[in-house]
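Residue numbering for the first sequence follows our numbering, starting at 704 and increasing by one per position.
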Amino acid sequence: MENEITLDMLRHSTSHIMAAAVKRLFPEVKIAIGPSIENGFYYDFDFERGFAPEDFPAIEAEMKKIIKERAPFTRKEVSRQEALELFKNEPYKVELIENLPEGETISTYEVAGFLDLCRGPHIDHAGRIKAFKIMKVAGAYWRGDSKNKMLSRIYGTAFFSKDELKEYLHRIEEAEKRDHRKLGRELDLFSIQEAGGPGLVYWHPKGALVKKLIEDYWKTEHYKDGYELVQTPHIALKHLWETSGHLDFYADSMFSPMPVDDQEYILKPMNCPFHLLIYKSKIRSYKEMPIRWAEPGTVYRYEKSGALHGLMRVRGFTQDDAHILCMENQLENEIQRIMTFIFKIFKKFGFTEYEIFVSTKPEKAVGSDEIWEKATNTIIASLKEEGIDYKIDAGGGAFYGPKIDVKIKDAIGRLWQCSTIQVDFNEPERFDINYVGEDGENHRPIMIHRALFGSFERFIGILIEHYAGAFPLWLSPTQIAICPITDNNLEYSKKVEEKLKALGYRVMMIAENEPLKAKIKTAQLEKIPYMVIIGDKDMENNVISIRARDGKQETMTFDAFAEKLSAETK
RNA sequence: GCUUGAAUGGCGCAGAGGUAGCGCACCUCAUUGGUAAUGAGGAGGUCCCGAGUUCAAAUCUCGGUUCAAGCACCA
């Protein structure tokens, strides 16, 4: 039996046992649903008073009792009528039963006197659970719909062994240490100011430097890959957003219009209409196609207050945006080209594993089925051509066209949604943009929206967590710290500093009246890649002592160090 | 936006109906040291904001703001 148990079963069963314990302790609680999820399980309860972490020990103790008793799970199939009768005091279960399709087998599971409507499967008895923990409590809407009542959800996790649980808790701790909000403060990279408003990022000098380095790299690579950079304003007349359709489809996410003279302006939530205005500034020929225009474009979106999260979800951010206007027969090639470009850029940051999703036509969409199918097929063909694996997200496309989303896997295996490539048949239509073809007639180009990072803010947040704050040499705000051991070494140290600066490195002198250990600690806390330590011995031998961030020490000549740095920044 | 909770010097925290304390950071002085914390002294706070209760509110109550976790949202 035991070898048939999956982790999902174990967790799902643990959720039943938790519900059993809750029902014993708080009989007035109404039960909703309790599935297993990625890292554990939850159970939703309707409880007037609500749960608090103070309740966890009692619930866990009750669960332990049930586990110790090795309470068996027993399955029973019942008719719809019987089910309704059995759960007549559980309104949420009644609703679930009433919504079950005609003819569906209805089964119940009983454990420790707790009966639940459930498809199963479950473990044979509670004694199988060797390690579990209640993690947290939070609100969750009944059936995931914000129109419904908010229930109390208790999250927990369970494992086959205590060691696995310990390991899991340890991983959570490690992930917390990487939290970009914490590291962003500690490394003095950025802040979000209550006085300035929520969701708006202030880049401090070091963070602004990291952002600049990434932007510079991004711009250089775009020029190399055949893009041209454009720059557009932050606000535009309300009328432009009517033309683009944003006021119809996106108004909830836009900041309110501001009156100026007799007209109204709106902060841009997107860059595309601006790029189309540039396109329309003159007559275009097929000879110009494809046009690739890129812009780190700062946009503002009214995100719901509860959605804001550090750099990951903000109200003002800089998209690494580009729009490609091409002819239909160029679409496949352009998509392939973007995919190749994405992988190249991500590699620079050490991301080499991806998950790719192709999103197809949603219910609410513009454009005929035919054109959707064609574009979707083109996307899939271009991925296949490149030998790229993908999953289909049925109905997940934007209203204006299908898209490819790329999730990247970070250093500790978490996936982050970054790139998006969206084919758009709608906006070129709305703006009535054309090019003159070989035949002398007007034709409508296809537009591709694409972002690699998504936004610089979010991507830097991801990078902070990915690198745990220890940026690679080329991205480190301070690359080298120089620590003279005594004042005797100061002059020699200054010469080394000057020479490194002349080579273009970002150098910081730590010459405070402190013992060497303290200086090293300062540099380590700032996660500076290299420390150059200079004492009398080094001066005598005309060398420098290098301490890398990972603690490795080496003594070498200045030229050898310069060589090493140059190799690493290449 | 919803549910629950939180907010005390720059940061991390303690405390509490009678107007605040610790550690780190900061400043000054002494110390000149070989790979993650030298010692001593000093300065720094409308205890998030507003109203109410009270002889007295940073502490209690209400409202607001921001943050956190989760839900919903996420072109």
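Every residue gets a Cβ at the ideal spot worked out from N, C-alpha and C, and that includes glycine.
Query: Tyr-1057 versus Met-1042 - alpha carbon distance; Result: 12 Å
Query: CA nearest to the CA of Tyr-665, picked from Ala-834, Met-957, Asn-802 and Asp-1239; Result: A question about residue 665 goes unanswered here, because the residues of the chain that appear run from 704 up to 1273.
Query: Buried or exposed by the 16-neighbour rule on C-beta atoms within 10 Å, applied to Tyr-1003; Result: buried
Query: Contained beta strand (DSSP E) runs [length at least 3] in the segment 1093-1124, N- to C-terminal order; Result: 1094-1096 and 1106-1112
Query: Arg-856: first and last residue of the uninterrupted alpha helix (DSSP H) it sits in; Result: First-last for Arg-856: 853-862, but that is the beta strand (DSSP E), not the alpha helix (DSSP H).
Query: Three-state class that DSSP yields for Phe-835 in the structure shown; Result: strand
Query: Straight-line Cα distance separating Pro-1065 from Ile-708; Result: 38 Å
Query: Met-721 - partner residues in DSSP beta bridges; Result: In DSSP, Met-721 forms no bridge with anything.
Query: Assigned exposure category for Met-992 - 16 Cβ within 10 Å defines buried; Result: buried
Query: Counted within 10 angstroms of its Cβ, other Cβ atoms place Val-1109 as buried (16 or more) or exposed; Result: buried
Query: Chain-order list of residues whose beta-carbon lies under 6 Å from that of Arg-1153 (same chain, five-residue window excluded); Result: Ala-1025, Ile-1041 and Ile-1124
Query: Whether Phe-817 touches Ala-735 by CB criterion (8 Å); Result: no
Query: Per-residue burial, Ala-1101 [other beta carbons within 10 Å of its own, 16 or more giving buried]; Result: buried
Query: At least three beta-carbon pairs within less than 8 Å, the segment 874-888 to the segment 1164-1178; Result: yes
Query: Burial state of Leu-728, where buried means 16 or more other Cβ atoms lie within 10 Å; Result: exposed
Query: DSSP three-state assignment for Glu-705, whether helix, strand or coil; Result: Residue confidence for Glu-705 is low, a pLDDT of 46 falling below 50, so the modelled location carries little weight and cannot support an answer.
Query: One or two residues paired with Phe-1060 in a DSSP bridge; Result: Lys-1094 and Asp-1108
Query: Under 8 Å between C-beta atoms of Ala-774 and Val-732; Result: no
Query: Check whether Ile-675 and Phe-776 have beta carbons under 8 Å apart; Result: For the chain, the structure presents residues 704 to 1273; residue 675 sits outside this window and is missing.
Query: Contacting residues, own chain, Cβ-Cβ under 6 Å from Met-704 (five flanking each side not counted); Result: Interpretation of Met-704 is limited by its pLDDT of 45, a score under 50 that renders its predicted location unreliable; no figure is taken from the coordinates.
Query: Nearest to Glu-1076 (by Cα), restricted to the options Asp-1127, Cys-1029 and Gly-743; Result: Asp-1127
Query: Close Cβ partners of Leu-868 (< 6 Å) along its chain, the five nearest in sequence each way excluded; Result: Ala-834 and Phe-862
Query: Collapsed DSSP secondary structure at Leu-868 in the structure displayed; Result: helix
Query: Which listed residue (Leu-1086, Lys-1067 and Glu-1088) has its alpha carbon closest to that of Gly-1098; Result: Lys-1067
Query: Through-space distance from Tyr-812 to Gly-823, alpha-carbon basis; Result: 8 Å
Query: First and last residue of the uninterrupted beta strand (DSSP E) at Pro-1180; Result: Unbroken run through Pro-1180: none, as it is neither H nor E.
Query: Complete alpha helix (DSSP H) runs within the segment 913-985 (minimum length 4 residues, chain order); Result: 941-947, 949-952 and 975-982
Query: Inter-stretch contact at 8 Å, needing at least 3 Cβ pairs: the segment 1078-1088 / the segment 1014-1029; Result: no
Query: Check whether His-912 and Lys-1230 have beta carbons under 8 Å apart; Result: A small correction: the amino acid at residue 912 is Leu; His does not occupy that position in the sequence shown. No; because the gap between Cβ atoms is not below 8 Å, this pair is not in contact.
Query: DSSP three-state assignment for Met-1015, whether helix, strand or coil; Result: coil
Query: Close beta carbons around His-715, own chain, < 7 Å, minus the five adjacent residues each side; Result: Pro-738, Ser-739, Phe-744 and His-825
Query: Cβ-Cβ separation, Ile-1149 to Val-1199 (assumed contact under 8 Å), whole Å; Result: Their Cβ separation, rounded to whole angstroms, is 56 Å, which puts Val-1199 and Ile-1149 out of contact at 8 Å.
Query: Residue burial classification, Ser-1269 (beta-carbon count within 10 angstroms, cutoff 16); Result: exposed
Query: Given 8 Å, three or more beta-carbon pairs between the segment 894-906 and the segment 1009-1021; Result: yes
Query: Own chain, CB closer than 7 Å to Gln-896, minus 5 neighbours either side, in chain order; Result: Tyr-905
Query: DSSP state of Pro-804 mapped onto helix, strand, coil; Result: coil
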